[in-house]
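Okay, so the sequence shown: first residue is 113 according to this note's numbering, each after it adds one. We put the CB at the ideal spot given by N, CA and C, even for glycine. Computed from a predicted model, the values in this text were never measured in an experiment.
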Amino acid sequence: MGATPIRGWQIEVGTPEIDRISAGIQARQISQGPLTEQLEEALAARLGVAHVVCTTSGTSALMMSYLALGVGPGSEVIIPDRTWVATANAALLLGAKVRLVDVEPSRPVMDPDRLLAAITPRTRAIIPVHLNGHAASMEAILAVAEQHGIPVVEDACQAFLSRHHGRPLGTAGRMGCFSMGLAKLLTTGQGGFIACHDTADRDTLRRIRNQGLSGSSLDENITMLGGNFKFTDIQAAVGLAQMDRLDARIVRQRTIQEHYLAGLQHLPQLQTIPVNLATGEIPLRAEYLVDERAAFVQHMRLRGIEVNPHPVSLHQFPHLMAESQDFPHSLRYSGRVVTLPSGPDQPLENVAQTIDAIHSLRWQRR
Numbered sequence: 113m114g115a116t117p118i119r120g121w122q123i124e125v126g127t128p129e130i131d132r133i134s135a136g137i138q139a140r141q142i143s144q145g146p147l148t149e150q151l152e153e154a155l156a157a158r159l160g161v162a163h164v165v166c167t168t169s170g171t172s173a174l175m176m177s178y179l180a181l182g183v184g185p186g187s188e189v190i191i192p193d194r195t196w197v198a199t200a201n202a203a204l205l206l207g208a209k210v211r212l213v214d215v216e217p218s219r220p221v222m223d224p225d226r227l228l229a230a231i232t233p234r235t236r237a238i239i240p241v242h243l244n245g246h247a248a249s250m251e252a253i254l255a256v257a258e259q260h261g262i263p264v265v266e267d268a269c270q271a272f273l274s275r276h277h278g279r280p281l282g283t284a285g286r287m288g289c290f291s292m293g294l295a296k297l298l299t300t301g302q303g304g305f306i307a308c309h310d311t312a313d314r315d316t317l318r319r320i321r322n323q324g325l326s327g328s329s330l331d332e333n334i335t336m337l338g339g340n341f342k343f344t345d346i347q348a349a350v351g352l353a354q355m356d357r358l359d360a361r362i363v364r365q366r367t368i369q370e371h372y373l374a375g376l377q378h379l380p381q382l383q384t385i386p387v388n389l390a391t392g393e394i395p396l397r398a399e400y401l402v403d404e405r406a407a408f409v410q411h412m413r414l415r416g417i418e419v420n421p422h423p424v425s426l427h428q429f430p431h432l433m434a435e436s437q438d439f440p441h442s443l444r445y446s447g448r449v450v451t452l453p454s455g456p457d458q459p460l461e462n463v464a465q466t467i468d469a470i471h472s473l474r475w476q477r478r
């Protein structure tokens, strides 16, 4: 038998989650209820915000935030060209138009210098994305947004508890959207949440989450457009069971990143995407740029090591139909980004084995 394959992402759930779920079921806490409220309060306290509203996914969190700001037919949102497609899809599904802007020259986050040119009278929201825990330049983005009276919704779906000079990402704008999908620091299998500061925003989001109802009773008035974006107490039980493990997970994520940086620093064929660990950035995955990506991925997978390529830039997807093709910095990442085995429960011996396998690649023949 061969060696055990190394998975690209590793996070463990087990006895603590089972115990919490079992207790919830015995208490008949299954649908959205008191456990969801407990998780919302715990997340808000952890992020230092007034309110959190849990929902079905990070995509739902984005869509609910857009709805709360009146995004719909005839309006536009501005997002960076490098992000997961959900950032755009959530707006497109509401009938809005997406305007894409290039990323910074050295980091895959929205370039504030490109932002001004994308603003039109129809701009309803600006959506900086903290991709893989990289902090967008929020001070500059917020300054432009404030000048034009445009709300900012942070897509922090890949940046829970990543920080910039002490402040958690996703807490500087009007709202911040987070994911609790499987490949996240805190996972409930599927799930997401919105962080906000204003009670009126919280109440609007709660109504959107429950078909526009102004309260919890069916005889309450339906005051606005909404949907069924409700969370469940079973998912909340899973999340609550992990809250006291978050600090240890952050330490492991940082350690994994440091091991890769040290072990691969002398390989010019692999370029790291700058991560500012000193200011509190915590990447979910170790990311690198490699020119011959297909060959690299094949080499690693033949050795039982799962490395994954990232999708192309958004303007290359047909359904986004970007008017401009001027994305030189974004294109630097298209076709070159790979992620190495990561995750808060990824054994460090797997990281070492991955580094050794990369060094065994005969770069000089390429």
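Distance between residue j and residue i (C-alpha atoms, nearest Å)
i, j, result
"residue 423", "residue 161", "32 Å"
"residue 384", "residue 218", "10 Å"
"residue 352", "residue 151", "6 Å"
"residue 227", "residue 295", "30 Å"
"residue 271", "residue 235", "25 Å"
"residue 183", "residue 208", "6 Å"
"residue 121", "residue 458", "7 Å"
"residue 176", "residue 189", "14 Å"
"residue 262", "residue 238", "7 Å"
"residue 260", "residue 191", "16 Å"
"residue 388", "residue 246", "8 Å"
"residue 139", "residue 374", "49 Å"
"residue 257", "residue 156", "25 Å"
"residue 254", "residue 471", "43 Å"
"residue 126", "residue 400", "31 Å"
"residue 431", "residue 204", "9 Å"
"residue 116", "residue 466", "13 Å"
"residue 327", "residue 335", "10 Å"
"residue 300", "residue 222", "29 Å"
"residue 411", "residue 325", "54 Å"
"residue 359", "residue 118", "24 Å"
"residue 403", "residue 195", "20 Å"
"residue 478", "residue 124", "Annotation note: pLDDT 42 at residue 478 (below 50); position unreliable, no value reported."
"residue 464", "residue 185", "51 Å"
"residue 408", "residue 370", "22 Å"
"residue 456", "residue 148", "24 Å"
"residue 153", "residue 146", "11 Å"
"residue 396", "residue 322", "31 Å"
"residue 442", "residue 215", "6 Å"
Residue of the options minimising C-alpha distance to residue i
i, options, result
"residue 446", "202, 193, 168, 127", "193"
"residue 398", "279, 338, 449, 321", "449"
"residue 439", "381, 116, 220, 248", "220"
"residue 319", "360, 293, 167", "167"
"residue 437", "186, 139, 211, 129", "211"
"residue 419", "462, 428, 333", "462"
"residue 170", "187, 415, 201, 144", "201"
"residue 362", "309, 393, 346", "393"
"residue 451", "442, 267, 368, 239", "368"
"residue 372", "313, 468, 198, 154", "468"
"residue 277", "206, 390, 403", "390"
"residue 356", "386, 309, 129", "129"
"residue 339", "185, 197, 316", "316"
"residue 283", "335, 302, 251, 256", "251"
"residue 425", "199, 321, 165, 115", "199"
"residue 414", "473, 380, 441, 386", "473"
"residue 165", "307, 312, 303", "307"
"residue 309", "321, 163, 230, 301", "163"
"residue 134", "350, 442, 455", "350"
"residue 187", "213, 231, 224, 148", "231"
"residue 417", "396, 454, 386", "454"
"residue 312", "180, 148, 118", "180"
"residue 241", "154, 153, 197, 279", "197"
"residue 302", "274, 269, 275", "269"
Integer Cβ distance of residue i from residue j, believed to fall under 8 Å
i, j, result
"residue 292", "residue 265", "Not confirmed; about 18 Å, so no contact."
"residue 344", "residue 142", "7 Å"
"residue 354", "residue 298", "6 Å"
"residue 290", "residue 172", "Not really, about 11 Å apart at Cβ, beyond 8 Å."
"residue 267", "residue 382", "The Cβ separation is near 27 Å, so there is no contact."
"residue 249", "residue 280", "Between residue 280 and residue 249 the Cβ distance is about 16 Å, and since that is not below 8 Å, they are no contact."
DSSP beta-bridge partners of residue i
i, result
"residue 325", "334"
"residue 290", "305"
"residue 237", "189"
"residue 420", "451"
"residue 441", "Answer is none; residue 441 lacks a bridge partner."
"residue 267", "241, 289"
"residue 246", "DSSP output for residue 246 lists no bridge partner at all."
"residue 430", "None, per the DSSP bridge assignment."
"residue 413", "Bridge partners of residue 413: none, in fact."
"residue 276", "279"
is_contact[residue i, chain B] using C-beta, thresh 8 Å
i, result
"residue 176", "Going by chain labels, chain B is absent from the structure shown, which holds only one protein chain."
Length-filtered (3 minimum) beta strand (DSSP E) runs lying within the stretch 338-405: Here the runs fully enclosed are 382-384, 398-402.
Could you name each continuous alpha helix (DSSP H) segment of 4 residues or more that falls completely within the stretch 117-184, going from the start of the chain to the end? Taking 4 residues as the minimum length, the alpha helix (DSSP H) runs contained wholly in the stretch 117-184 are 127-138, 146-159, 170-180, in order along the chain.
Complete alpha helix (DSSP H) runs within the stretch 450-476 (minimum length 4 residues, chain order): For the stretch 450-476, the continuous alpha helix (DSSP H) assignments of 4+ residues that do not extend past its boundaries occur at 460-472, in sequence order.
Taking the runs of the alpha helix (DSSP H) that are 4 residues or longer, which of them lie wholly in the stretch 207-234? The alpha helix (DSSP H) runs of length 4 or more contained entirely in the stretch 207-234 are, from start to end of the chain, 224-230.
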